[in-house]
Every structure is written in structure tokens, then in C-alpha cells.
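Note that full-length UniProt numbering has the sequence shown beginning at 1, numbered continuously upward.
Beta carbons are placed, not taken as given, at the ideal position from N, Cα and C, and that holds for glycine.
Below is one structure, written out as C-alpha cells; comments come after it.
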Amino acid sequence: MPAVGRNTKMQQWLNYRVRVTLHDGRIMIGQFMAFDKHMNLVLADTEEFRKVRSKGESGLGEEREVKRMLGLLILRGENIISMTAEAPPPNVKKSEGPMAGPGRGHAAGRGVPIAPLGQAPQGLTGPIRGVGGPAPAQMAPGAPPGMPPMPGFPGMPPPPPGMMPGMPGQGH
1 MPAVGRNTKM QQWLNYRVRV TLHDGRIMIG QFMAFDKHMN LVLADTEEFR KVRSKGESGL
61 GEEREVKRML GLLILRGENI ISMTAEAPPP NVKKSEGPMA GPGRGHAAGR GVPIAPLGQA
121 PQGLTGPIRG VGGPAPAQMA PGAPPGMPPM PGFPGMPPPP PGMMPGMPGQ GH
């Protein structure tokens, strides 16, 4: 028989209605939704049951059970003593359901075919002239006005003899 991991043992109870007994004696009954490595549990539609002693005249309190509806609950694994299955998961059949109408949201068709867009229409390919950034000619790389061109570019004469490219005034 193959070894079954703890996660697999816990996963078999997902969506079941479970009874969880806590360290302080309380009992939580709810739908088991999730767990983690610390055994923290998430229960939905949870009810809390606890035993309370009512103080009577004789000194011996009568024990009664108090029920409280809690809803969605996260239980810290440190406080959990035991967990037992109460009922199997509800059988919810996925059906088409009623058609859209009052009280039911449904996406409306707009009559536009769903097709990938090719190229953007003419005039919508970039920013409008005069609005936004500078003109494309101003964005072209180059030296600032009034500065000599940098040596070594094609079509430029080489630097004069005795002058090495690099730091100015360094010579050799």
C-alpha cells in the first residue's frame, strides 16, 4: 500500500461539512474550504457550539449548549484538537441556468466582430503635430549646435598627427 501524504489526507475532506474541536472546548461546524502547512483551516457557513453553565440558586450550574452563527472563519492550527466529517460535499450540478433577464447580468453584444486589429488607421499612428513631444528631426542624435563633430565618424578627417584620441591634454 503506497504511503499517503498529509496533504492528500486533508484534501480528501475539502468541501465536506466538518466538525472541528478546539483546545478551549468549543466546537465549530462548517464547510471545509482550505488548509495550509500549519493546519490553519478555512471554514464557510460556520456555526460555533459551546457549553455554558448557567448559575442557579443551588450553586450547581445547569450546563446548556449555546449556538452562534459565525460565517466564514479562519481557525489557527495551533488551537485545533480534532476534525471529523459531518456530511459529504453538496452535489451542485453546473447547469446553463436561465437566460439573461431582469436581475441577471449578461454581457451585451454590440454588433462589432471580434477580430484582431491589423494596423492602426492613418492619422492614429503617433502623436499629433505640435502636441506632446518634439518633432522627429529634433530627436535625431547629433552634437549640440556650435560644437565640433566627434573624431572617428565615417566621412570625417582623422585627428591631426600627435593628438591621440582620449583625454584632452594627455598627449601620448
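| task | Compare the beta carbon distance of residue 19 and residue 88 with 9 Å and say whether it is the shorter of the two. | result | Locating residue 19 in the sequence shown gives position 19, counting from the first residue. Locating residue 88 in the sequence shown gives position 88, counting from the first residue. No Cβ-Cβ contact shorter than 9 Å links residue 19 with residue 88.
| message | Please report the straight-line C-alpha distance between residue 80 and residue 21, rounded to a whole angstrom. | response | As a first step, residue 80 must be located in the sequence shown, where it is residue number 80. As a first step, residue 21 must be located in the sequence shown, where it is residue number 21. Rounded to the nearest angstrom, the two C-alpha atoms are 6 Å apart.
| Buried or exposed: residue 30, going by 16 or more other Cβ atoms within 10 Å of its Cβ? | Looking up residue 30 in the sequence shown gives position 30. Result: buried.
| task | Could you spell out where the beta strand (DSSP E) holding residue 87 opens and where it closes? | result | To locate residue 87, count along the sequence shown from 1; it is residue 87. 80-87 is the extent of the beta strand (DSSP E) around residue 87.
| Residue environment, residue 46, which counts as buried when at least 16 other CB atoms sit within 10 Å | Residue mapping note: residue 46 aligns to position 46 of the sequence shown, counting from 1. Buried: at least 16 other Cβ atoms inside 10 Å.
| field | Close Cβ partners of residue 42 (< 6 Å) along its chain, the five nearest in sequence each way excluded | value | Sequence index remark: in the sequence shown, residue 42 carries index 42 (1-based). If we look at residue 42 and ignore the five residues flanking it on each side, its Cβ neighbours are 33, 34, 74.
| message | Quick test of your reading: residue 48 and residue 70, contact by CB under 8 Å. State the CB separation rounded to the nearest angstrom. | response | By one-based count along the sequence shown, residue 48 stands at place 48. By one-based count along the sequence shown, residue 70 stands at place 70. Contact holds; Cβ gap of about 5 Å.
| request: Take the Cβ of residue 139 as the centre, count every other Cβ of all protein chains shown within 10 Å, and call the residue buried at 16 or more, exposed below. | output: The count along the sequence shown starts at 1 and reaches residue 139 at position 139. Exposed, by the Cβ-count rule.
| query | Anyone know if the C-beta pair for residue 62 and residue 68 falls short of 9 Å? | reply | Indexing the sequence shown from 1 puts residue 62 at position 62. Indexing the sequence shown from 1 puts residue 68 at position 68. For the 9 Å CB-CB criterion, residue 62 and residue 68 do not form a contact.
| task | Out of 15, 160, 11, 90, point me to the one whose CA is closest to residue 37's CA. | result | For the purposes of this step, residue 37 is identified with residue 37 of the sequence shown, where counting begins at 1. With distances taken between Cα atoms, residue 37 lies closest to 11.
| For residue 26, which option in 82, 8, 60 has the closest C-alpha, if you only look at C-alpha atoms? | The residue you call residue 26 lines up with position 26 of the sequence shown. Nearest option by C-alpha distance: 82.
| message | Measuring straight from C-alpha to C-alpha, what distance separates residue 60 and residue 66? | response | Position 60 of the sequence shown, counted from the first residue, corresponds to residue 60. Position 66 of the sequence shown, counted from the first residue, corresponds to residue 66. One C-alpha to the other measures close to 18 Å.
| request: Quick one: measure Cβ to Cβ for residue 39 and residue 77, integer angstroms, because I've assumed they're closer than 8 Å. | output: In the sequence shown, counting from the first residue as 1, residue 39 sits at position 39. In the sequence shown, counting from the first residue as 1, residue 77 sits at position 77. Indeed they touch by this definition, with Cβ atoms about 3 Å apart.
| field | Extent of the continuous beta strand (DSSP E) to which residue 93 belongs | value | Looking up residue 93 in the sequence shown gives position 93. For residue 93, no beta strand (DSSP E) run applies, since DSSP gives it neither H nor E.
| said: Can you tell me whether residue 31 is helix, strand or coil according to DSSP? | reply: Sequence index remark: in the sequence shown, residue 31 carries index 31 (1-based). Looking at residue 31 - three-state DSSP - the assignment turns out to be strand.
| query | Which residues does DSSP pair with residue 74 in a beta bridge? | reply | For the purposes of this step, residue 74 is taken as residue 74 along the sequence shown, with counting starting at 1. Assignment of beta-bridge partners to residue 74 by DSSP yields 42.
| Within this structure, are the beta carbons of residue 64 and residue 55 separated by less than 9 Å? | Stepping through the sequence shown from its first residue, residue 64 is reached at position 64. Stepping through the sequence shown from its first residue, residue 55 is reached at position 55. Between residue 64 and residue 55, the C-beta gap is not smaller than 9 Å, which leaves the two residues out of contact.
| Residue range of the beta strand (DSSP E) that includes residue 19 | As a first step, residue 19 must be located in the sequence shown, where it is residue number 19. 17-22 is the span of the beta strand (DSSP E), which, as asked, contains residue 19.
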